[in-house]
Amino acid sequence: RTVYVNGEYLPETEATVSIFDRGFLMADGVYEVTSVLGGKLIDFGGHLARLERSLNELDMKKPAAFDDLLDIHRELVRANDITDGLVYLQVTRGSDGDRDFVFPNAETTEPTLVLFTQSKPGLAQNPVALKGIKVISIEDIRWGRRDIKTVQLLYPSMGKMMAKKAGCDDAWMVEDGYVTEGTSNNAYIVKGNRIITRQLSNDILHGITRAAVLRFAREAQMEVEERAFTIDEAKAADEAFVTSASAFVMPVVEIDGVALGDGTPGRVAARLREIYLEESLKAAV
Ligand code: PLP
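Under the UniProt record's numbering, the letters of the sequence shown match residues 18 to 302, in that order.
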């Protein structure tokens with residue numbers, strides 16, 4: 018694979034980052050994942066806008082001119098011959114060559130910018146979407162700024178491992194009885210024809226796919242309600258689903274062993290998946 022590190026395109030085996038980088042020592046960094054379908058970038062503008070917001074919230078410098086980031090994405094897609102897959106982008110605060118809790122001087126310390134691709138042939142035709150996923154619920158013990166897309170992914174990773182151990186695919190995190198989000202996706206339930214998903218706040222990541230899906234749902238005259246819902250309400254819902262850049266719209270058919278509806282993907286989730294793939298492809302760059 019060809020990867021990108023701080024201005025250079027290199028074979029992955031030759032790419033290096035300092036062991037003192039604050040991304041490595043302190044999870045002091047942010048990231049974005051953009052899907053590639055048919056060689057084109059999905060929702061790229063949204064991901065770039067969120068990256069800028071994450072950097073601002075953490076007082077981090079921009080690692081490159083934002084116009085250049087599109088070129089870098091495209092060059093990696095080309096160099097690695099990616100038809101369907103992902104581009105991962107990470108910015109960490111870098112280092113001044115030592116370990117210290119205090120941020121290094123931003124005037125003299127450059128952030129570290131890393132990008133690489135992952136090939137996922139047939140990403141949009143993922144057969145899992147036809148049978149749906151099973152989730153467990155776990156307590157949400159993450160920090161209070163989940164709206165910033167940081168690389169602090171230890172607890173979400175543990176959540177996925179707990180799900181796997183329970184014979185399930187993912188975990189929904191619950192705080193004070195209310196679902197916040199999935200380990201790497203936003204969570205939704207459907208009651209009747211109404212789509213319900215938690216409102217934006219610091220409690221959840223402001224999903225780029227979420228924003229697009231809600232816009233398409235409203236354009237299709239579907240009813241959308243942005244409010245918190247409890248895990249008990251979710252178990253009694255007609256259907257459920259999650260959204261993310263890599264899963265698009267993924268039906269959820271079981272929560273903590275309780276089957277939703279008839280235990281197969283719901284009509285609303287299936288329709289939204291179709292609309293999202295069609296519309297976001299049209300707007301792909
Ligand atoms: N919530 C969390 C915790 C995530 O990690 C992600 C994606 O990685 C999402 C939601 C979905 O965001 P997006 O649709 O921008 O991929």
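Just so you know, even glycine gets a beta-carbon here, dropped at the ideal spot from N, CA and C.
Note that this is a predicted model, so its numbers are computed, not measured.
Contact check, residue i vs residue j, beta carbons under 7 Å
i	j	result
GLU242	ILE213	yes
LYS151	ASP186	yes
ASP60	SER297	yes
LYS79	ALA123	no
ALA81	THR19	no
Residue i versus residue j - alpha carbon distance
i	j	result
ARG244	GLN216	5 Å
GLU74	ASP279	43 Å
ILE155	ASN143	26 Å
GLY24	VAL302	22 Å
THR100	ASP193	43 Å
ALA300	ASP117	44 Å
PHE41	ALA276	41 Å
THR125	GLU31	25 Å
GLU29	VAL131	11 Å
VAL104	THR129	16 Å
ILE158	ALA141	32 Å
VAL22	THR33	8 Å
MET190	ALA251	12 Å
VAL285	VAL266	10 Å
ASP115	ASP45	14 Å
VAL119	ASN219	24 Å
ILE36	ARG67	27 Å
HIS90	LEU72	19 Å
GLY139	VAL145	12 Å
GLN107	ASP88	16 Å
Residue i, enclosing beta strand (DSSP E) - first and last residue
i	result
PRO282	Here PRO282 belongs to no beta strand (DSSP E), and DSSP marks it neither H nor E.
ASP113	That residue, ASP113, is in no beta strand (DSSP E); it is neither H nor E in DSSP.
ARG211	211 to 214
LYS166	From DSSP, LYS166 is part of no beta strand (DSSP E); its letter is neither H nor E.
VAL230	VAL230 -> not in any beta strand (DSSP E); alpha helix (DSSP H) instead, spanning 225 to 236.
ALA257	256 to 261
MET77	Neither: MET77 is in no beta strand (DSSP E) and is coded neither H nor E.
LEU54	46 to 54
ALA204	203 to 208
PRO128	No beta strand (DSSP E) contains PRO128, which DSSP labels as neither H nor E.
Proximity winner among the options, relative to residue i (alpha-carbon distances)
i	options	result
THR260	PRO282, ALA237, GLY224	GLY224
residue 9	THR109, GLU240, ASP101, ASP76	Only positions 18 to 302 of the chain appear in the structure, and residue 9 is not among them; the question remains open.
PRO173	GLU69, ASP193, ASN23, THR197	THR197
PRO268	GLY149, SER218, LEU294, ILE158	GLY149
ASP113	LEU106, GLN107, PRO121	PRO121
VAL230	ALA287, ILE158, VAL191	ALA287
residue 3	VAL22, PHE246, GLN238	No answer is possible for residue 3: the residues shown for the chain start at 18 and end at 302.
residue 7	LYS252, ASN219, LEU289	Since the first and last residues shown for the chain are 18 and 302, residue 7 lies out of range.
GLY209	LEU58, GLU256, MET77	GLU256
LYS182	ILE153, VAL285, THR134	ILE153
THR51	ASP38, ASP98, GLY63, ARG235	GLY63
SER201	ARG211, MET175, TYR195, SER218	MET175
PHE233	LEU294, GLY199, ALA180, ASP249	LEU294
ARG211	SER71, PHE258, VAL94	PHE258
Beta-carbon separation (whole angstroms), residue i vs residue j, contact threshold 8 Å
i	j	result
residue 9	ARG163	Residue 9 is absent from the structure shown; the chain starts at 18 and stops at 302.
PHE83	GLU69	7 Å
ALA254	ILE206	4 Å
TYR48	LYS177	TYR48 to LYS177, Cβ: 17 Å. No contact.
PRO282	LEU147	7 Å
GLY102	VAL53	5 Å
VAL94	GLY55	So it is not a contact: roughly 11 Å between Cβ atoms.
For residue i, the first and last residue of its enclosing alpha helix (DSSP H)
i	result
LYS177	171 to 182
PHE61	61 to 74
PHE83	83 to 96
GLY40	39 to 43
ASP249	248 to 252
ALA32	First-last for ALA32: undefined, no H or E at that position.
LYS137	Per DSSP, LYS137 belongs to no alpha helix (DSSP H) and is neither H nor E.
LYS148	145 to 148
Near the ligand NAP: residue i beta-carbon under 6 Å from a heavy atom
i	result
ALA234	This structure simply doesn't include the ligand NAP; it includes the ligand PLP instead.
Chain B contact for residue i (CB, 7 Å cutoff)
i	result
VAL302	Looking for chain B here will not work: only one protein chain is present.
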